[in-house]
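Data block below; observations after.
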Amino acid sequence: MMNDLLKNIKKTSKKQDSQIKNIFNKRYVIKDKIAQGGLCDVFLVEDIYDFHFNTNSNIVIKLPNATTIKNKDISSLLFSEYKFLRELNHPNIVKVYDFGIDKKTKIPYLILEYIEGKLLNDISIFNMNKSLKIDIFKTLLNTVKYIHSKNIIHADINPSNIIIDNNNKIILIDFGISLSCNNNSIHLDYNKVKAYNPKYSAPEIINGGIPTEKSDIYSTAAIVFELFTLKTPVIRNNKIILDNSHTIPFYLKKWLNRNLSADSSIRTINFNQYYNFFTNFLHFN
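Put into structure tokens, the structure is as follows:
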């Protein structure tokens, strides 16, 4: 039965994934796959205790995928994510409930809250209203500032790791390759497995560097740039290209130029400095 589990995890078709009905640690019943990433896949699960106590947990399980299932460090990575998420208590960050290693298969897993909504990556920004864009901007700045205040680097901020729930609440997810500001060691060859999205990653990351708070800020700015220009950033001669077609206020251009700079030392997550943007942009044409 557990050998079948290993085979099923390596298959990607929806038909095969829907047939996965295995139980982890005699508690979590795997249902349908709802997401897959470079390191792990995510499945809806049912908690057997819910049947006993007549409750509904709304949870998911995060499991190593075919690429990482044999990686000796995957248990450490998932436990590291669990440890970081336990330290974070923020309304715009996904909640974690449990970490474990299945006794029979030795496969590590993470239990997280299930959030109903859509990934920002799957939402058309062309039809998105300005108030939601501003809310995303404000929320990202506040959330990233909070994460850094806890000495944690997310290391993979991009639209596929941001959920807009059914109430338009913004939730940051996937701390799978996060690391501590105080210890830049990482249990993974960050570039070998391409555990980042190059469209939203800072130049120093693409060039082989280790994530820092400054690279998180760059990724945040890259998302904001795309929201308000409908384009991904283009960097030439260490400067962002903002041509006349980008009809955005000068104070946003200033913020983008600073935080999309190849010079990481000038990037800042300062929130209060851009209060005027949030109050004035809704009236900008």
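Position 23 of the sequence shown, counting from 1, maps to 23 under UniProt numbering, and the rest follow consecutively. Positions of the beta carbon are idealized from the N, C-alpha and C atoms, including for glycine. It should be emphasised that the depicted structure is a prediction, and the values quoted were computed from it without experimental measurement.
Give the secondary structure of residue 21 by DSSP, where H, G and I count as helix, E and B as strand, and everything else as coil. Translated into positions along the sequence shown, residue 21 becomes position 21. A caution first: residue 21 carries a pLDDT of 49, below 50, which makes its placement in the model unreliable, though a value can still be read off. Note: residue 21 maps to coil in three-state DSSP.
3 or more residues per run - each beta strand (DSSP E) lying fully within the segment 111-195: Taking only runs of at least 3 residues, the beta strand (DSSP E) segments lying wholly in the segment 111-195 are 117-119, 162-165, 170-172.
What span of residues does the alpha helix (DSSP H) with residue 77 cover, start to end? Counting from one through the sequence shown, the residue named residue 77 turns up at place 77. Residues 74-87.
Can you have a look at residue 225 and say buried or exposed, based on whether 16 or more other CB atoms are within 10 angstroms of its CB? Working through the sequence shown from its first residue, we reach residue 225 at position 225. Here residue 225 is buried: its Cβ has 16 or more other Cβ atoms, across all protein chains shown, within 10 Å.
Below 6 Å CB to CB, which residues in the same chain sit around residue 48 once its five sequence neighbours on both sides are set aside? As a first step, residue 48 is located in the sequence shown; it is residue number 48 there, counting from the start. Correct list, in chain order: 27.
Could you tell me the boundaries of the beta strand (DSSP E) in which residue 214 lies? By one-based count along the sequence shown, residue 214 stands at place 214. Segment 213-229 is the alpha helix (DSSP H) holding residue 214; no beta strand (DSSP E) there.
For the alpha helix (DSSP H) containing residue 50, list its first residue and its last residue. As a working note, residue 50 is residue 50 in the sequence shown. Secondary structure note for residue 50: its alpha helix (DSSP H) is the uninterrupted segment 48-53.
Enumerate in chain order the residues of its own chain whose CB-to-CB distance from residue 198 is below 8 Å, with the five nearest sequence positions on each side excluded. For the purposes of this step, residue 198 is taken as residue 198 along the sequence shown, with counting starting at 1. Closer than 8 Å at Cβ, skipping near neighbours: 206.
Counting C-beta neighbours from all protein chains within 10 Å, is the total for residue 229 16 or more, i.e. buried, or is it exposed? For the purposes of this step, residue 229 is taken as the residue at position 229 of the sequence shown. Buried, since its Cβ has 16 or more Cβ neighbours within 10 Å.
In the structure shown, what three-state DSSP assignment does residue 63 receive? The sequence position of residue 63 within the sequence shown is 63, counting from 1. DSSP places residue 63 in the strand class (E or B) of the three-state scheme.
Is the CB-CB distance between residue 56 and residue 116 below 7 Å? The residue you call residue 56 lines up with position 56 of the sequence shown. The residue you call residue 116 lines up with position 116 of the sequence shown. No, the pair does not count as a contact, with Cβ atoms beyond the cut-off.
Decide if residue 21 is buried, meaning its Cβ has at least 16 other Cβ atoms within 10 Å, or exposed. Position 21 of the sequence shown, counting from 1, holds the residue named residue 21. Unreliable placement is indicated for residue 21, whose pLDDT of 49 sits below 50; the coordinate value is still reported in the next sentence. A residue is called buried when at least 16 other Cβ atoms come within 10 angstroms of its Cβ; residue 21 does not meet this threshold and is exposed.
Compute the Euclidean distance between the alpha carbons of residue 153 and residue 92, then round it to the nearest angstrom. In the sequence shown, counting from the first residue as 1, residue 153 sits at position 153. In the sequence shown, counting from the first residue as 1, residue 92 sits at position 92. Using only the alpha carbons, I get a separation of about 16 Å.
Report yes if the CB atom of residue 64 is closer than 7 Å to the CB atom of residue 120, and no otherwise. On the sequence shown, residue 64 is found 64 positions in, with the first residue counted as 1. On the sequence shown, residue 120 is found 120 positions in, with the first residue counted as 1. For residue 64 and residue 120, no; Cβs fall outside 7 Å.
Between which two residues does the alpha helix (DSSP H) containing residue 251 stretch? For the purposes of this step, residue 251 is taken as residue 251 along the sequence shown, with counting starting at 1. Following the DSSP letters along the chain, one finds residue 251 inside the alpha helix (DSSP H) bounded by residues 250-259.
Since residue 91 sits in a beta bridge, which residues does DSSP pair it with? Taking the first residue of the sequence shown as 1, we reach residue 91 at position 91. Looking at the DSSP output, residue 91 sits in no beta bridge, so it has no partner there.
Whole angstroms is fine: what's the gap from residue 265's alpha carbon to residue 221's? The sequence position of residue 265 within the sequence shown is 265, counting from 1. The sequence position of residue 221 within the sequence shown is 221, counting from 1. In this structure, the straight-line span from the alpha carbon of residue 265 to that of residue 221 is close to 15 Å.
Pull up the distance between the alpha-carbon of residue 94 and that of residue 112, whole angstroms please. By 1-based counting over the sequence shown, the position of residue 94 is 94. By 1-based counting over the sequence shown, the position of residue 112 is 112. When rounded, the distance between both Cα atoms is 7 Å.
Residue 206 - containing beta strand (DSSP E), residue span: One-based indexing of the sequence shown puts residue 206 at position 206. Segment 203-206 is the alpha helix (DSSP H) holding residue 206; no beta strand (DSSP E) there.
So who's on the other strand from residue 100, going by DSSP bridges? Residue mapping note: residue 100 aligns to position 100 of the sequence shown, counting from 1. In the DSSP output, where bridge partners are listed per residue, residue 100 has 109.
Backbone CA spacing between residue 33 and residue 96 [nearest angstrom]: Position 33 of the sequence shown holds residue 33. Position 96 of the sequence shown holds residue 96. One Cα belongs to residue 33, the other to residue 96, and the distance between them is close to 18 Å.
Which of helix, strand or coil DSSP assigns to residue 266: Taking the first residue of the sequence shown as position 1, residue 266 is located at position 266. Here residue 266 carries a helix assignment [DSSP, helix/strand/coil].
Would you list the residues sitting across from residue 210 in a DSSP beta bridge? Walking along the sequence shown from the start, residue 210 turns up at place 210. Secondary-structure assignment with DSSP links residue 210 through no beta bridge to anything.
Taking only the alpha-carbon atoms, compute the straight-line gap between residue 231 and residue 23 and give it to the nearest angstrom. Counted from its first residue, the sequence shown places residue 231 at position 231. Counted from its first residue, the sequence shown places residue 23 at position 23. For residue 231 and residue 23, the distance between alpha carbons rounds to 44 Å.
Tell me, which residues are paired with residue 41 by DSSP? The count along the sequence shown starts at 1 and reaches residue 41 at position 41. According to DSSP, residue 41 bridges with 36, 63.
Alpha carbon to alpha carbon, what distance is there between residue 82 and residue 175? The residue given as residue 175 occupies position 175 in the sequence shown. The residue given as residue 82 occupies position 82 in the sequence shown. Going by the C-alpha atoms only, they are around 8 Å apart.
Pairing CB atoms from the segment 133-145 with CB atoms from the segment 67-74, are three or more of them under 8 Å? Put simply, the segment 133-145 does not touch the segment 67-74. Fewer than three CB pairs are less than 8 Å apart.
If we define contact as Cβ-Cβ less than 7 Å, is residue 229 a contact residue for chain C? Of the protein chains in the structure, only one exists, and it is not chain C.
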